[in-house]
Amino acid sequence: MLSTPVARTAHTTSPVRRPSPGTARRTARGRSRWLAWALAGGWLAQVLLRLWLYRYHTGPVANPDETGYLVAARWLAGGAGADLTGSTFYQGGYALLLVPAYWVTSDPVMVYRLVAGIGSVAAATAFPLAYVVLRRLALGRREAVALAFVAGLSPALLLFSGLALADAVLPTLVLGWLLATHDLARTGSPRAGVVAGALAGFATAVHLRGTVILAVYALTVVALLVIRRPAREAGATDAAARGAGAGGAAALGAGAGGAAARDLSSRGGPGGGRRWRAAWRAGRRLPLRAGVAALGAAGLVAAAGGALNRALASAVYPGGARDLSGMLAERLTGLDGQAWALSGAVGQLWYLMVGTWGLAGVGLVAAAVQLVRPGGPFARRVLAGTLLAVTLGVAYASSAALPDEHRVGNYVYGRYLACVAVVWTLVGLAVLSRTARAAMTRRAATMTRRAIVEGRAGGTEGRAGGMEGRAATMEGRAGGTEGRAATMEGRAGGTEGRAATMEAHAGSTEGRAGSTEGRVAIAVRESGARRPGVPRRLHPAVRRMVAYAGAAAVLMAATGGVAAWYAGDRLRRYTFIAFDFPEVSFLSGARDHLDMVRTTATALALLTCLTLAACLVTFRTGGRAARRPWARGLVPLVVALAAVNVAFTADLAPKAAPAAGPDWLPHPPPGRVALDTRVRWNVWVPLTSRVWWTRLERYDGAHQAPPAGACTAVVPPDAGSPPDGWTATGLGGERQGWTSWSGPGCR
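Each residue of the sequence shown is one higher than the last, beginning at 1 in this note's numbering.
As structure tokens, this is what we get:
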């Protein structure tokens with residue numbers, strides 16, 4: 001009796017062999033070893049790239065900001081202070097990280113090189129954190145490593161890493177804070193709350209943008225204490241923890257993310273720890289213990305940072321720093337001020353999107369959809385709302401507090417949102433990658449199902465042909481029996497029977513060929529072929545990807561249009577500072593003016609290329625692509641983004657070494673240095689950092705002589721003849737904006 005396909009499969013298929021525990025452990029160790037080497041090697045490569053990029057930098061180039069941080073670090077290390085009265089206050093949190101450089105040496109050039117190294121290390125640390133972020137967004141290990149590495153080359157992490165600016169550490173700080181906040185929302189762990197609170201509190205000591213981060217974090221924790229967590233996620237949280245323990249990958253806690261989540265949620269002692277974890281997983285509010293720990297850590301660290309900043313202000317800003325509170329209050333209470341603040345915030349959002357090649361726009365749209373769409377992982381919704389609130393809050397507050405300095409950067413600026421640019425880049429990459437993966441996985445499953453169905457149909461047709469052949473054979477035999485009287489007819493009938501048998505075998509063979517052709521037809525149809533006259537429809541995941549990119553393009557064009565409309569001809573009349581627009585200059589090719597139309601068009605073209613590169617994944621078929629639906633298909637997206645970032649890096653890199661010899665600034669000899677208050681700020685501010693051995697003594701040269709005992713006096717070129725006992729050095733001049741006198745007894 002003929003067996004059915006199911007029965008034949010049951011007899012011929014060998015049982016599934018499960019790997020032994022020892023094999024599983026060796027495989028897990030091998031994967032962990034590979035991942036550790038990949039992260040360590042990638043981090044080292046990121047550090048070396050930044051050190052090479054800023055190899056010629058020997059002193060501050062972004063003044064007075066860099067000088068303010070360097071002087072603060074020197075004073076914190078026990079060195080000479082300075083008098084920056086009337087300047088913007090530069091906080092001590094970032095300067096505290098630079099103190100070890102002054103412990104090693106006091107030479108300003110060597111100190112600056114060490115500071116560039118500190119910033120490079122901090123910026124490169126965003127690479128492993130970006131890997132964890134992508135793992136939390138449900139990407140695989142290999143995909144997360146590749147995308148995190150190319151995202152680490154984004155402009156926001158390259159531009160400031162070699163400068164003495166708080167922006168060198170803020171992106172990494174924000175990444176760590178968002179990860180800890182995500183863990184707090186997902187697991188309710190007090191440890192995650194303490195880490196997130198400490199990072200938010202420290203951010204307030206680093207920059208005023210940290211105040212927005214702290215406020216958003218406090219509101220998030222209060223909301224978690226009030227809002228109930230959806231109970232339906234209890235099973236998903238437990239499964240994620242179990243999967244992390246067994247080496248599996250859950251949607252939010254796979255791999256390294258799951259291991260971190262397990263560490264955050266599996267400790268805390270017996271009894272009470274189990275009760276609050278069970279209550280959190282059962283759908284209750286954030287445990288009070290976790291909320292108190294989160295807010296308490298944030299408050300303590302913020303208070304310590306405030307004490308540090310007060311001590312720094314009294315030492316370095318004895319006459320008071322620049323006060324912007326009055327202007328901020330006027331902006332917030334008047335219609336004109338609101339228009340200024342809102343338009344500036346819109347301009348910053350436009351810069352954020354074009355400076356990330358449109359990926360931040362995709363991320364913004366996806367976060368808004370995640371926030372308003374019912375359902376979805378609770379922790380991701382919390383993260384989306386937190387990130388949106390920080391982005392909009394920083395854009396609005398920084399624009400409201402920015403004085404009108406008659407420069408183009410007052411209306412379109414990218415530095416203040418650089419701290420969140422890499423996060424939005426990662427979100428945009430995750431959206432494109434996961435959408436492509438969904439399309440590829442669904443297509444692979446469809447190919448398999450159709451091949452099985454059509455193969456079975458072909459086999460059934462072959463068996464039917466065999467039955468018909470056997471019937472023809474029986475008829476031939478009957479013809480042979482009846483033909484005993486006529487031998488020739490019988491032999492002919494036997495011949496016909498054998499021919500019929502051959503036809504039956506041929507029919508069975510055609511059935512098998514039909515099964516093979518069915519598989520090939522499915523593969524061809526899935527790879528893009530279609531029958532004539534039948535229009536092809538895009539895969540739903542591809543349509544979703546195109547919709548996200550289209551919405552990002554609309555948002556980019558709309559924000560750019562609003563910012564250009566409000567600024568008007570001031571974008572042409574006001575001062576254009578190239579340092580403020582590195583990404584825009586790269587996109588537009590204009591180095592001396594702002595071209596928003598060309599910049600937007602180029603960013604849209606790059607976003608289109610990245611979207612098409614992600615869509616290429618959905619057209620891969622057969623062979624390895626069928627076994628690994630999207631792992632290797634991600635290569636076009638990685639290559640496309642890496643090409644853009646490498647091109648930007650090449651555009652940013654110095655083309656030649658600077659000319660040897662002294663620069664145009666004063667080089668006073670050792671001893672006390674006096675400074676005439678009439679000297680321009682672009683001379684005396686960097687001089688404050690260069691003169692490391694003493695504090696500059698400022699005096700009013702229009703009415704006073706240089707202080708007695710000073711060895712050098714830096715004065716404006718039109719200061720006239722030096723007083724009795726002083727000698728003109730002849731250095732400087734009108735072009736440099738300074739000259740100097742040498743005091744008696746110090747020559």
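From the three backbone atoms N, C-alpha and C, an ideal C-beta is built for every residue, glycine too.
Keep in mind the model is a prediction, meaning the values are calculated, not measured.
When the options are compared against residue i, the one with the closest alpha-carbon
i, options, result
"D107", "G68, L139 and G59", "G59"
"A223", "L555, L383 and Y411", "L383"
"G68", "G79, G92 and A601", "G92"
"R415", "V169, A38 and L179", "V169"
"A130", "G176, T608, L417 and D183", "G176"
"A421", "A657, R678, L392 and R407", "L392"
"T599", "L634, A553 and Y574", "A553"
"C609", "A38, G337, A640 and N682", "A640"
"A72", "T105, F89 and Q704", "F89"
"A156", "G319, P706 and R50", "R50"
"V301", "V195, G337 and E330", "V195"
"A557", "A605, R573, G589 and G725", "A605"
"A321", "L328, L312 and R289", "L312"
"A549", "L208, V431, G140 and A401", "V431"
"D183", "R381, A614 and S161", "R381"
"N682", "V354, D65 and R141", "D65"
"G299", "V121, A719, L214 and P582", "L214"
"R141", "W37, C746, Y574 and Q348", "W37"
"R137", "L225, D323, T435 and V206", "Here the sequence assigns Leu to residue 137, which means Arg is not the residue at that position. Comparing Cα-Cα distances from L137 to each of L225, D323, T435 and V206, the minimum goes to T435."
"A705", "G730, R678, S689 and V691", "R678"
"L402", "L388, E330 and G385", "E330"
Cut-off 7 Å between Cβ atoms - residues of its own chain near residue i, not counting five sequence neighbours on either side
i, result
"W103", "A77"
"G409", "I577 and D580"
"R672", "T694, E697, G709, A710 and C711"
"P654", "Y56"
"D592", "F576"
"V520", "At V520 the pLDDT is 46, less than 50, meaning the model places this residue with poor confidence; the figure from the coordinates comes in the next sentence. Closer than 7 Å at the Cβ level, and outside the excluded window around V520, lies no residue."
Integer Cβ distance of residue i from residue j, believed to fall under 8 Å
i, j, result
"S433", "L637", "7 Å"
"G376", "L286", "The Cβ separation is near 19 Å, so there is no contact."
"L429", "L359", "6 Å"
"V394", "V212", "5 Å"
"P717", "G733", "6 Å"
"A368", "D167", "About 26 Å; that fails the 8 Å criterion."
"A379", "R135", "Actually they are not in contact, since the Cβ atoms of A379 and R135 sit about 13 Å apart, beyond 8 Å."
"V562", "S343", "7 Å"
"G361", "L555", "5 Å"
"A315", "W75", "6 Å"
"G385", "A290", "Not a contact, Cβ separation roughly 18 Å."
"L634", "A146", "7 Å"
"T204", "G197", "Going by Cβ atoms, the distance from T204 to G197 rounds to 11 Å, so no, they are not a contact pair."
"P722", "W741", "4 Å"
First through last residue of the beta strand (DSSP E) which encompasses residue i
i, result
"A80", "Note, A80: premise wrong, no beta strand (DSSP E); not H, not E."
"W741", "T739 to S742"
Where the alpha helix (DSSP H) containing residue i begins and where it ends
i, result
"F715", "With the sequence shown as reference, residue 715 is identified as Val, and Phe is not the correct amino acid for it. Per DSSP, V715 belongs to no alpha helix (DSSP H); it is in the beta strand (DSSP E), T712 to V715."
"D580", "No alpha helix (DSSP H) holds D580; DSSP gives it neither H nor E."
"Q370", "L359 to V372"
"E330", "S325 to T333"
"R289", "L288 to V316"
"L178", "L170 to T187"
"F378", "F378 to A400"
"L76", "D65 to L76"
"F149", "R141 to A151"
"L98", "G92 to V104"
"R135", "A126 to R136"
"R209", "R209 to V226"
"R191", "P190 to V206"
"P155", "P155 to L158"
"T88", "Unbroken run through T88: none, as it is neither H nor E."
"C615", "M596 to C615"
Residues of its chain near residue i, where Cβ-Cβ distance is below 8 Å and the 5 sequence neighbours each way are ignored
i, result
"V61", "L163 and F579"
"T649", "L49, L53, L153 and L158"
"P318", "D83 and T85"
"G623", "Its pLDDT being 44, under 50, G623 is placed unreliably by the model, and the measurement read from it follows with that caveat. No residues qualify anywhere along the chain."
Contacts around residue i, its chain only, beta-carbon distance under 6 Å, and the 5 residues preceding and following it disregarded
i, result
"G42", "F127 and F149"
(request) Note down, one range per segment and in chain order, each alpha helix (DSSP H) of at least 4 residues found wholly within the stretch 642-726. (result) 681-690
(message) To test your reading of the DSSP string, which unbroken beta strand (DSSP E) runs of 3 or more residues are found completely within the stretch 552-580?
(response) none
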